[in-house]
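A.B. asks: With our numbering, letter number 392 in the sequence shown gets 392, and the count goes up by one each step, no holes. Built from N, CA and C at the ideal position, the CB exists for glycine as well. If you're wondering where the values come from, they're calculated on a predicted model, not measured in any experiment.
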Amino acid sequence: MQHSEPYDVIICGGGLAGLSLARQLTLKLDDLSILVLERLERPLPDSAFKVGESTLEQGAFYFSGILDLEDYLENDHLEKLGLRYFFGDPQGDFAQRPEFGVRTWLPAKSYQMDRGKLETHLRECVIEAGVHLKEGVFVTEIDINEAGGLHAVSYRDAEKATHQARSKWVIDAMGRRRFLQSKFDLKKESETPCNAAWFRVKGELSVDSFVPESNKAWHDKVIQNRWYSTNHLMGPGYWVWLIPLSPGNTSVGIVALDEMHRFDQYNTYEKALNWLQVHEPVLATHLEGYPLLDFKVLRNYSYSSHQVFSADRWCCVGEAGVFADPYYSIGSNVLAYGNGIAAKMIELDRTGELTDQYIDYMNLFYLSLNDSLTETVHWSYPFHDNGVIMSLKTIWDYFMGWSITDPRFYHDVYLEPALNRKLSLLLHPIFSAHFRLMTLFKDWSELSSRMNFDFIDYIEDLPTLTHLFMLNLPPKNAIFDVIVDHLREGVERMEEFAQVIFFLAVEDVMPEKLALFGENRWVNIEAIGLDCNRWQEDGLFEPRSEPRDLSHMEGEIRKLFSFEPQKSPVAA
């Protein structure tokens, strides 16, 4: 293909976000002329390259379905055994730690991806599709033409020679350099600083090895090797990840709230090992003998922006725009949303249908999504060690993702402001209840609890959640009325779950208050909380929906936990 200026699109940055967008654009608009400028040259290393190995089902669908990489992912990367969490006392017997995970593969696939392999493959894909990829070049300036003309991108090659290319659209995909964010003073830093340190080791470091094989009961809880999961070792103010990498290496990461664990306590490999010896000694002991591949850190890793899409025909995608907390492996989800919006804007611009109103809506939607995801995770760091409350919170978050958020992505509803506005009234009570629940979980964590659990399989043990998960999976382009029906079912089940969570919390920490609700328990989920002095004022006793039978949902949730007998009052 002959490469001539001006280009339709220049993508500055040929990492995961930039290459994925280039691939998406070539599949959607195959006559676009695209230039990708990337600093790193091939060959890219395997295993120890970039963090961001773990995907969720939505992100996996973006790569496998939208980018048409399913066969490649199946052959060259690892299927993920879901998210897995270990709570309880890290100083004791690992087998005694409450476990939240799955026994076998999930109904929809996700992957543990080797970023070096994936980005190498994507480079080959976009070149084959006719994209002009320049490697070993460094972008020095992006001049945005705000009068509607062509933009100019200046870059320097390996010989220090300076070049310039022009295009109608410019995409900043240069990661944490955040070039356009800095240029236009759009950065928005996190108000809750969290830091991370991670390293990759040679070999399969599996949590299965933390428990002697003689403990058959523990090993038999899970059919597959737990190594294939994104494993989380949970403690107050932190979580530690163990993620598998093909062809048989392991990523280990420390992620912590700065106010509870200072960054300088684990910001070198030696310090990280010492920190693990104190907080996760079982892991620290089992790390011995695994050769180190690399060590990297990120300080205050989460951030947002005031704008990422512009009527002047520029966008910031991937980490060049925002970065949500990685706790739920949602980085690829957010990347997929951003790339999808950018591709849609370019498509609308070509037909003369792109409007300022559309761009404003997409900025609001995308930034609200990123910020709410990060806030939801940061809220819980102080009680990460509380297995009961974190399990309930995680189940709620799964309900939110699988039955509310993911379907709008799978069926492209998120790209249509008019359709989203139609859904806003239906979804508003759940979004409102979501932030009430975050406060409830925090308050509950500060009180003693009579509940505990041993093992929760969030697929087998929660048939209602699994039903909604399966109901909302692709294929794409379902009839909108059917999508609405599925979302309505999800809203109803989530309202019931919110009711159950509230009454479990009240029963656990203030059982004497249950009498206030009588036998027909049904409250306003937009007013739930554990501050009983506010119940009347907030309208808790004035539900906004007709009561429904809670016995099925309550039965599902109650069977997950055991309850210590209620203590009798001490006689005077």
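(1) Who does Arg156 pair with in a DSSP beta bridge?
(2) Within 10 angstroms of its Cβ, does Gln499 collect 16 or more other Cβ (buried), or is it exposed?
(3) Please state if the CB of Leu335 and the CB of Ala17 are separated by a distance shorter than 7 Å.
(4) Under 7 Å, do Leu78 and Pro244 count as touching if we go by C-beta distance?
(5) Going by other Cβ atoms of all chains shown within 10 Å of its Cβ, with 16 needed for buried, is Gly149 buried or exposed?
(6) Do you know offhand how far Phe587's Cα is from Gly237's?
(7) Less than 7 Å between the C-beta atoms of Met494 and Ile430, yes or no?
(8) Sort Cys194, Thr250, Ser167 by Cα distance to Ser54 and report the nearest one.
(9) Near Val388, which residues of its chain fall below 7 Å by C-beta distance, leaving aside the five closest residues on each side in sequence?
(10) Going by Cα to Cα distance, which pick from Val36, Asp89, Lys513 is closest to Cys125?
(11) Could you pull the DSSP bridge partners for Asp457 from this structure?
(12) Exposed or buried, what is Asp172 when buried is set at 16 or more other beta-carbons lying within 10 Å of its beta-carbon?
(13) Could you tell me if Ala158 is buried or exposed, where buried requires 16 or more neighbouring beta carbons within 10 angstroms of its beta carbon?
(14) Take the Cβ of Pro580 as the centre, count every other Cβ of all protein chains shown within 10 Å, and call the residue buried at 16 or more, exposed below.
(15) Are there 16 or more other CB atoms within 10 angstroms of the CB of Pro98, so buried, or fewer, so exposed?
(16) Among the residues of its own chain, which have a CB less than 6 Å from the CB of Ala324, if the five just before and after it don't count?
(17) Return the CA-CA distance between Glu204 and Asn145, expressed in angstroms with no decimal places.
(18) Would you say Ala284 faces chain B, with C-beta separation under 7 Å as the test?
(19) List, from N- to C-terminal side, the beta strand (DSSP E) runs of 3 residues or more that fit wholly inside the stretch 326 to 396.
(20) Flag this pair as yes or no: are the beta carbons of Cys12 and Val139 separated by less than 7 Å?
(21) Measuring alpha carbon to alpha carbon, tell me which of Val207, Tyr398, Glu492 ends up nearest Asn231.
(22) Can you say whether Val491 is buried or exposed, counting buried as having 16 or more other CB atoms within 10 angstroms of its CB?
(23) Which value, in whole angstroms, describes the spacing of the CA atoms of Trp198 and Ala284?
(24) Less than 7 Å between the beta carbons of Leu468 and Ser403, yes or no?
(25) Can you give me the Cβ contacts of Asp220 inside the same chain, cut-off strictly under 6 Å, excluding the 5 residues immediately before and after it?
(26) Just list the residues that DSSP pairs Val576 with in beta bridges.
(27) Determine the direct distance from the alpha carbon of Phe49 to that of Asp114, and round the result to whole angstroms.
(28) What's the gap between the Cα of Asp461 and the Cα of Met553?
(29) Leaving aside the five residues before and after Gln24 along the sequence, list all residues of the same chain whose C-beta is less than 8 Å from its C-beta, in chain order.
(30) Return helix, strand or coil for Glu554, following the three-state DSSP convention.
(31) Can you tell me where the alpha helix (DSSP H) holding Gly289 begins and where it ends?
(32) Can you tell me whether DSSP reads Asn274 as helix, strand or coil?
(33) On the DSSP letters alone, give me the boundaries of the beta strand (DSSP E) that Thr230 sits inside.
(34) Between Val153 and Val170, how many whole angstroms is the CB-CB distance? I'm expecting something under 8 Å.
(35) With burial defined as no fewer than 16 other Cβ atoms inside 10 Å of the residue's Cβ, what is the status of Pro565: buried or exposed?
(36) List the whole-angstrom C-beta distance separating Pro193 from Asp264, where the pair is believed to meet the contact cut-off of C-beta under 8 Å.
C.D. replies: On the basis of the data shown:
(1) Phe138, Thr162
(2) Of the residues assessed, Gln499 falls on the buried side of the cut-off, its CB having 16 or more other CB atoms within 10 angstroms.
(3) yes
(4) Yes, the pair counts as a contact, with Cβ atoms nearer than the cut-off.
(5) So Gly149 ends up on the exposed side.
(6) Past the boundaries of the shown model lies residue 587; the chain is included only from 1 to 572, so the question cannot be answered.
(7) yes
(8) Thr250
(9) Ser449, Met451, Asn452, Phe453, Phe561
(10) Val36
(11) Gly101
(12) buried
(13) exposed
(14) The requested residue 580 does not occur in the structure, where the chain is confined to residues 1 to 572.
(15) buried
(16) Ile330, Val334, Asn370, Leu373, Thr374
(17) Approximately 51 Å, taken between the alpha carbons.
(18) Included in the structure is just one protein chain, with no chain B present.
(19) none
(20) yes
(21) Val207
(22) buried
(23) 14 Å
(24) By the CB criterion at 7 Å, Leu468 and Ser403 fall inside the cutoff.
(25) Closer than 6 Å at the Cβ level, and outside the excluded window around Asp220, lies no residue.
(26) Lying before the first or after the last residue shown, residue 576 is absent from the chain, which here runs from 1 to 572.
(27) 8 Å
(28) 12 Å
(29) Ile66, Leu67, Asn339, Gly340, Ala343
(30) When secondary structure is reduced to three states using DSSP, Glu554 falls in the helix class.
(31) It is not in any alpha helix (DSSP H) - Gly289 carries neither H nor E in the DSSP assignment.
(32) helix
(33) Annotation for Thr230: the continuous beta strand (DSSP E) segment containing it runs 230 to 235.
(34) For a cut-off of 8 Å, the C-beta gap from Val153 to Val170 is around 6 Å, short enough to register as a contact.
(35) When all chains shown are included, Pro565 counts as exposed.
(36) About 13 Å; that fails the 8 Å criterion.
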